[in-house]
Structures are given as structure tokens and as C-alpha cells.
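In my numbering, the protein residues as written are 23 to 352.
For every residue, glycine included, the Cβ atom is placed at its ideal position computed from N, Cα and C.
As the structure is a computational prediction, the values presented were derived from the model and not from experiment.
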Amino acid sequence: MTRTACSPPASTSSPPDRTHSLSGPRPAAKMYSVHNSSDPYIIRPGRPADVDRCAALNDAVHPYPGISEWTRDLFDGHPAVRPDDFLVAEPAGGGEIVATLVGIRQEWTFGGNRLPVVQVELVGTDHDHRGRRLVGRLFHELHARCAADGTALQVIEGIPYYYRRFGYEYALHIGGAPDVQAEAIRQPPPSSGVAARPVLRPATPADATALARVDRTVAGRDVLACARDERGWLHEISGHRHDSLVRRVVMVLLDDSGEVTGYLVHGRRLEPDGRLTVLAAVCADPGGWPRLTPAMSRHLAEAGAAAASADRPFTSLRLRLPATHPLARA
Ligand SMILES: CC(C)(COP(=O)(O)OP(=O)(O)OC[C@H]1O[C@@H](n2cnc3c(N)ncnc32)[C@H](O)[C@@H]1OP(=O)(O)O)[C@@H](O)C(=O)NCCC(=O)NCCS
């Protein structure tokens, strides 16, 4: 699927998948339409009790394993999302939820300026209720909410061109590095005798502070950035449900003295075509890459092989990184 990042009415966009914790109270949602009695549907914010129905709907309409667990992550325990960040459509008589989406709050910086952003995810309509403009109505309410609370930018990845009908425009290229075939992954020769210092290891919750520091450092030098804070990293490392679609492998990268200097984030499972997705590879010290990339390549080759099965061999790395990223040139 082509990745598209869009924003209404127009502006910039960002790397996805980075959430920023909620900070401070949010204004109560107060812009929901008064229900017209001839309208067969009600559009309303999500409530905690909607979790099972939203999870079931998302599971039915999105063809990925771990969707319902991700929905549950977002309803309960996510640092940047509350149940009322979901919008749902239900028949006026109540009962089932027939369409939904969720807005994940993030804080980006653009040229050093704070930029509140909502990333839209999990857009779906039950098969029996499609073609009734429910998605347009959900977006209408989302945009009204964002206008009311001063969130100028909404972004979405997804069906190419589809979201233009709701005012979105292509704004940012995501990724762009070519895939690396599994057999072409360059790995360092086996070490000769002396045990080398480890260069990367699995992240633990104790690394959250250091990883937030890495993101702040990197955000300070990039024009457009989306830094995770400590709570965001804690959630990323240990907050997802076990089978959640977005529970990923987080590795910390270590400098010569064993301090955390960056991170590598990749999928836990292979995609249906056998690709292992690399979502982020960040180092606070750009001079550290030559030392780090051979070990990262070895790790990714091993992770891909470990995730493979007889009916799904490991084919390649899918690098959601810029083509100029050091890992793409390793
Ligand atoms: C895409 C989806 C959310 C649309 O829901 P919906 O409530 O029927 O949407 P609307 O009634 O507002 O719009 C229907 C229009 O969208 C179009 N549409 C639906 N799926 C589409 C797709 N994959 N690509 C392009 N257009 C699509 C329909 O053809 C229809 O077009 P028309 O107005 O010219 O007749 C729904 O089909 C769905 O849940 N699909 C599976 C999940 C999914 O792909 N979600 C989006 C992930 S980014």
C-alpha cells in the first residue's frame, strides 16, 4: 500500500507512529451535532464501554492481526489517547457501532515551534453500512473538535487519494529507502576472539528517560520532528497488549561507554510478503553510525530469520526510513 501523509487544509506533515503524552486538561468536547430525528445515525465521541464493539468492528474491517488489541491499547492505557478521542457512528436506535475512527494526539515541532497534531487511525465502516457517507461525517466532527481546541494539523496514512474528499492533501513523503533483500544484508564478519562491547540490546522500561532525551536531542536539530516523551517511550516499550499490531521490538543503541545513544524499532512479525519493517533508527550522535550499523544489520538479519516460518520466509527489510539514512546505505 502506498503511504500517504495528508493534512487539511494544507501544510506539512511528519514521521508517523510517535505519540506524545497528554499534558494538562483538555477542553470538553462540545461541538457534536444535535441529532435530527430523521437521521438514521448518531455520531458521538467514544466512551469506555464502547471498547469491545470498536475492537470487534476494527477486527472485522481491517485485515491485520492484532487490530482489536491495538484498539484496546488506545482505549485503555495509552498516554496520548482517551476513549473520547474515538468517534463512533451508531444507528439512532442504539446498539452496534457501525463506523469509527480515532485521533491520536501528538506534539511535533516545526522550526522549533510547537505544533499540535492529530494523527487519524483506524478508519472503518461495517460492510452493511458502507456508502452512506459515515466516514465523511466522522471526519467532519473530528475537524470541528480540532478547530475548537486549536489543533491546526491532522495527518493520515492510508488509502491513496481517498482522503482528499475530506480536504486532505499529500504533504510528506514517508520512508523512501529501497527494500534490502534478505540475502543482501551486510553483516560484519564474526568477531575475532576478544569479546566486543555490545552495541545494542533490547530496551527496558528503565531506558524510557534516556530515549526521551535522545528524541529531544534529535528534535533540536531537525526542522520537523515528533519527539516521544518518557511516558510515550514507556508505553512503546512495555505498554502494548501482547498481540497488539503495534507492539514492536525496541532496541537501544549504546555508545562506547555503554550509555544509550539511540534506538532501533522494528516489527515483531513479518508482513505477508515476508518483509520485516524497520520503523525507526535514530542516533543522538550522527558520528556514531559507522560503529552502530554493522551490528544493527546483523540484528535485523537475525530478527528476520527468527520471525520466518515455512510458509512465510524472510524476504527483505522494508526500511521506513529516508533513502539517505545510514542504515539504508550500510
Ligand atoms: C474505506 C471505508 C472506511 C469507507 O467507508 P464508507 O462509510 O463506505 O465511506 P463513505 O460512505 O464516506 O464513502 C464511500 C466512498 O468511498 C469509496 N471507497 C471505499 N473504499 C475505497 C477504497 N479502498 N479506495 C478508494 N475509494 C474507496 C467508495 O467507492 C465510495 O465512493 P463514491 O462516493 O464515489 O461512491 C470502508 O470501505 C472500510 O471500512 N474499508 C475497510 C477498512 C479501510 O480500508 N479503512 C481505511 C484504512 S486507511
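Contact annotation: Ile259 and Thr226 have beta-carbon atoms nearer than 8 Å. According to the DSSP assignment, Cys248 belongs to no alpha helix (DSSP H), since it is labelled neither H nor E.
Of the candidates Asp278, Ala327, Gly197 and Pro101, the residue whose Cα lies closest to the Cα of Ala303 is Gly197. Under the three-state reduction of DSSP, Val304 is assigned to strand.
Ala204 places its beta carbon 8 Å or farther from that of Thr315. Residue burial is scored here from C-beta neighbours: Arg253 has at least 16 other C-beta atoms within 10 angstroms and is therefore classed as buried.
Taking the Cα positions, Ala193 is about 30 Å away from Ala230. When DSSP states are grouped into helix, strand and coil, Gly280 belongs to the coil group.
Relative to ligand 1, the beta carbon of Tyr184 is positioned inside 7 Å of a heavy atom. A distance filter of 5 Å between CB atoms and the heavy atoms of ligand 1 selects the following residues in sequence order: Val83, Val145, Gly146, Thr147, Arg152, Gly153, Arg155, Leu156, Val157, Gly158, Gly180, Ile181 and Tyr184.
In the structure shown, Leu292 adopts coil according to DSSP, grouped into three states.
In this structure Ala317 does not touch Gly284 by the C-beta definition: roughly 12 Å separates them, more than the 8 Å allowed. The C-beta distance from His288 to Leu301 rounds to 6 Å, short enough to meet the 8 Å contact threshold. The criterion of a C-beta distance shorter than 8 Å is not satisfied by Arg270 and Gly296. Within the DSSP bridge table, the entry for Ile259 names no partner.
Runs of alpha helix (DSSP H) with 4 or more residues, each lying fully within the segment 69 to 127, are found at 73 to 83 and 89 to 97, listed in chain order.
Excluding sequence positions up to five before and after Ala114, its CB lies within less than 6 Å of the CB of Pro62 and Ile64, all in the same chain and listed in chain order.
In this model, Glu191 and Tyr185 are separated by some 8 Å (Cα to Cα). Annotated three-state conformation of Leu164 is helix, per DSSP.
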